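Colleague: Dropping the structure in here first, questions after.
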Amino acid sequence: MSGKKLSDKPDFECPPGVRTWIELDANACRRNVRTFRRLVGPKVKLWAVVKSNAYGHGLSTFSKVIDSTDIDGFCVDSILEGLRLRKDGIRKPILVLGFTLPAFFEKAASNDIAVTISSFDSLRAFDRTKRKPFFHLKIDTGMHRQGFQEEEMRRAIDFLKKRKLRPEGAYSHLAFPESKKSSLNQQKVFERCLEFFKSGGIRLKWIHLSGTGGVCERRPFYNMVRVGFGLYGYFRRPFRNKFLHPVMKWKTVVTEVKRTKKGGRIGYDFTERFKRDSTIAILPVGYWHGVDRGLSGVGEVLVRGCRARIMGRVSMDMIAIDITDIRGVRIRDEVVLIGGHGKEFIGADEVAEKIDTTAYEVLTRINPLIQKIVV
978 MSGKKLSDKP
988 DFECPPGVRT
998 WIELDANACR
1008 RNVRTFRRLV
1018 GPKVKLWAVV
1028 KSNAYGHGLS
1038 TFSKVIDSTD
1048 IDGFCVDSIL
1058 EGLRLRKDGI
1068 RKPILVLGFT
1078 LPAFFEKAAS
1088 NDIAVTISSF
1098 DSLRAFDRTK
1108 RKPFFHLKID
1118 TGMHRQGFQE
1128 EEMRRAIDFL
1138 KKRKLRPEGA
1148 YSHLAFPESK
1158 KSSLNQQKVF
1168 ERCLEFFKSG
1178 GIRLKWIHLS
1188 GTGGVCERRP
1198 FYNMVRVGFG
1208 LYGYFRRPFR
1218 NKFLHPVMKW
1228 KTVVTEVKRT
1238 KKGGRIGYDF
1248 TERFKRDSTI
1258 AILPVGYWHG
1268 VDRGLSGVGE
1278 VLVRGCRARI
1288 MGRVSMDMIA
1298 IDITDIRGVR
1308 IRDEVVLIGG
1318 HGKEFIGADE
1328 VAEKIDTTAY
1338 EVLTRINPLI
1348 QKIVV
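Just so we're aligned, residue 978 is where the sequence shown starts under our numbering, counting upward by one.
Laid out in structure tokens, this is it:
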């Protein structure tokens, strides 16, 4: 393992000994930022979405890397994530995208963190707060999660004017940016809602609709975009393969090599039988670390630049892989769980396809205790 270590301490201590770790490619991160900067141009503000432990990449570690690039602000899910960034020395603007408890409004204000207001309950609680932070109003344009619906906007604007509340920004979220028709329908709702601000004499500093998908599909940028998954090197494969560079490489080591006889069985419940005399390697990672049990018998890893299949059940802290056809594997050899080695590459999206989920889930479910190293 090489590279400079950056602190990414969780709320509890990591166990001693490093048997699995995550390498973050700083150059890949910078190249991804440059890609999105070229796409949106110099006049649109580019904010990095680092919610959910930076999509599994380590909130503090990844944010410190990307803070040195050409990004203009950070989007997080919770006030606690925002406070963590401030504690880590991040001074760029921060916006909380998720719900903020009213008890934390003043804490947000004292740390210069903007919050999202997405309902009348939150708006009334915000109005009662003595020291108010900056806030963005979330508009529901059809996704039906957070946000004021179009028919509520006139009442919301009247409340803002009456109470002399001035939002810093307004935004919405595209449900299906790959669909031109769906995105256009949401855009029309969004722009009708923006007219309420204009007619009410409320001037917005920031207007944003597009995330990674919206930017890649050339949906409206307005004057700010929120880019998450793309900064980590992921989007649809044709675009990813051409323009993006995955930042994460998740590694472990071989802890045991053994030969087995044809007909023997392996792992919990004896779900698999050896069809030939085999050689297997044991790896000290399992579902506690984020290797999904659905990968039992079908998942693959990279050893010495070759693919090796997971055999039997994925255990809590251990998996076995078939290395019969891979020569020279030894104890302490590095193994790649996600990322590239030689000419082979296993992306989070490939892993996701095998367990019928998304690359988002694969990455964010990686145990946050795993050490991050910047290379």
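Glycine residues also receive a C-beta, built at the ideal position from the N, C-alpha and C atoms.
Being a predicted model, the structure only gives us computed values, none of them experimental.
Classify His1121: buried if its beta carbon has 16 or more other beta carbons within 10 angstroms, exposed otherwise.
Modeller: In the sequence shown, the residue the question calls residue 1121 occupies position 144. The residue in question, His1121, is exposed, as its Cβ has fewer than 16 Cβ neighbours within 10 Å.
Colleague: Lys1022 by DSSP, collapsed to three states: which one?
Modeller: The residue you call residue 1022 lines up with position 45 of the sequence shown. In the structure shown, Lys1022 sits in a strand (DSSP, three-state: E or B).
Colleague: I think Arg1196 touches Leu1186, with their Cβ atoms under 8 Å apart; what is that distance to the nearest whole Å?
Modeller: Here the question's residue 1196 lines up with position 219 in the sequence shown. Here the question's residue 1186 lines up with position 209 in the sequence shown. Right, the Cβ-Cβ distance comes to about 7 Å (below 8 Å), so this counts as a contact.
Colleague: Determine, using beta-carbon pairs with one atom in the stretch 1221-1229 and one in the stretch 1304-1321, whether at least three such pairs fall under 8 Å.
Modeller: Short answer: they touch.
Colleague: Under 8 Å by Cβ, that's how I've got Glu1233 and Arg1242 pegged, so tell me the actual separation to the nearest angstrom.
Modeller: Within the sequence shown, residue 1233 is the residue found at index 256, counting from 1. Within the sequence shown, residue 1242 is the residue found at index 265, counting from 1. Not quite, the Cβ-Cβ distance comes to about 17 Å (not below 8 Å), so this is no contact.
Colleague: Does DSSP put Gln1163 in a helix, a strand or coil?
Modeller: The count along the sequence shown starts at 1 and reaches residue 1163 at position 186. Note: Gln1163 maps to helix in three-state DSSP.
Colleague: What separation, rounded to the nearest whole angstrom, lies between the Cα atoms of Arg1015 and Val1291?
Modeller: The residue given as residue 1015 occupies position 38 in the sequence shown. The residue given as residue 1291 occupies position 314 in the sequence shown. Computed Cα separation, rounded: 42 Å.
Colleague: Find the nearest neighbour of Ala1085 within the set Cys1283, Ser1095 and Ile1056, judged by alpha-carbon distance.
Modeller: Counting from 1 along the sequence shown, the entry for residue 1085 is found at position 108. Taking only the C-alpha atoms, the option nearest Ala1085 is Ile1056.
Colleague: Contact between the stretch 1019-1028 and the stretch 1000-1007: three or more CB pairs below 8 Å?
Modeller: Taking 8 Å as the limit for Cβ pairs, the verdict is that the stretch 1000-1007 does not touch the stretch 1019-1028.
Colleague: How many angstroms separate the CA atom of Arg1180 from the CA atom of Val1042?
Modeller: If you number the sequence shown from 1, residue 1180 lands on position 203. If you number the sequence shown from 1, residue 1042 lands on position 65. The straight-line gap from Cα to Cα measures roughly 34 Å.
Colleague: Measuring straight from C-alpha to C-alpha, what distance separates Leu1340 and Lys1139?
Modeller: The residue given as residue 1340 occupies position 363 in the sequence shown. The residue given as residue 1139 occupies position 162 in the sequence shown. Rounded to whole angstroms, Leu1340 to Lys1139 spans 45 Å at the Cα level.
Colleague: Give every residue of the same chain whose Cβ lies closer than 8 Å to the Cβ of Gln1163, excluding the five residues on either side of it in the sequence, and list them in chain order.
Modeller: Mapped onto the sequence shown, residue 1163 falls at position 186. Thr1118, Gly1119, Met1120, Ser1149, Leu1151, Ala1152 and Leu1186, listed in sequence order.
Colleague: Quick one: Cα of Pro993 to Cα of Met1295, how far?
Modeller: Residue mapping note: residue 993 aligns to position 16 of the sequence shown, counting from 1. Residue mapping note: residue 1295 aligns to position 318 of the sequence shown, counting from 1. Confidence is the limiting factor: at Pro993 the pLDDT is only 45, short of 50, which leaves the residue's position unreliable, though a coordinate-based value still follows. When rounded, the distance between both Cα atoms is 17 Å.
Colleague: Nearest CA to the CA of Ile1308: which residue from Leu1260, Pro1345 and Glu1338?
Modeller: Position 331 of the sequence shown, counting from 1, holds the residue named residue 1308. That would be Leu1260, whose Cα lies nearest to the Cα of Ile1308.
Colleague: Tell me the start and end of each unbroken beta strand (DSSP E) in the stretch 1192-1267 that is at least 3 residues and wholly inside, in chain order.
Modeller: Correct list: 1201-1204, 1225-1230, 1233-1237 and 1255-1260.
Colleague: Below 8 Å, how does it come out for the stretch 1068-1075 and the stretch 1085-1100: are there three or more Cβ pairs, yes or no?
Modeller: The stretch 1068-1075 vs the stretch 1085-1100: in contact.
Colleague: Check Thr1189 in the structure and name its three-state DSSP category.
Modeller: Numbered from 1 along the sequence shown, position 212 holds the residue referred to as residue 1189. It is helical.
Colleague: Where does Glu1332 fall in DSSP's three states?
Modeller: Indexing the sequence shown from 1 puts residue 1332 at position 355. Correcting the residue identity first, residue 1332 is Ile in this sequence and not Glu. Residue state, collapsed to three classes: coil.
Colleague: Are the CB atoms of Leu1142 and Asp1104 within a distance shorter than 8 Å?
Modeller: For the purposes of this step, residue 1104 is taken as residue 127 along the sequence shown, with counting starting at 1. For the purposes of this step, residue 1142 is taken as residue 165 along the sequence shown, with counting starting at 1. Contact: yes.
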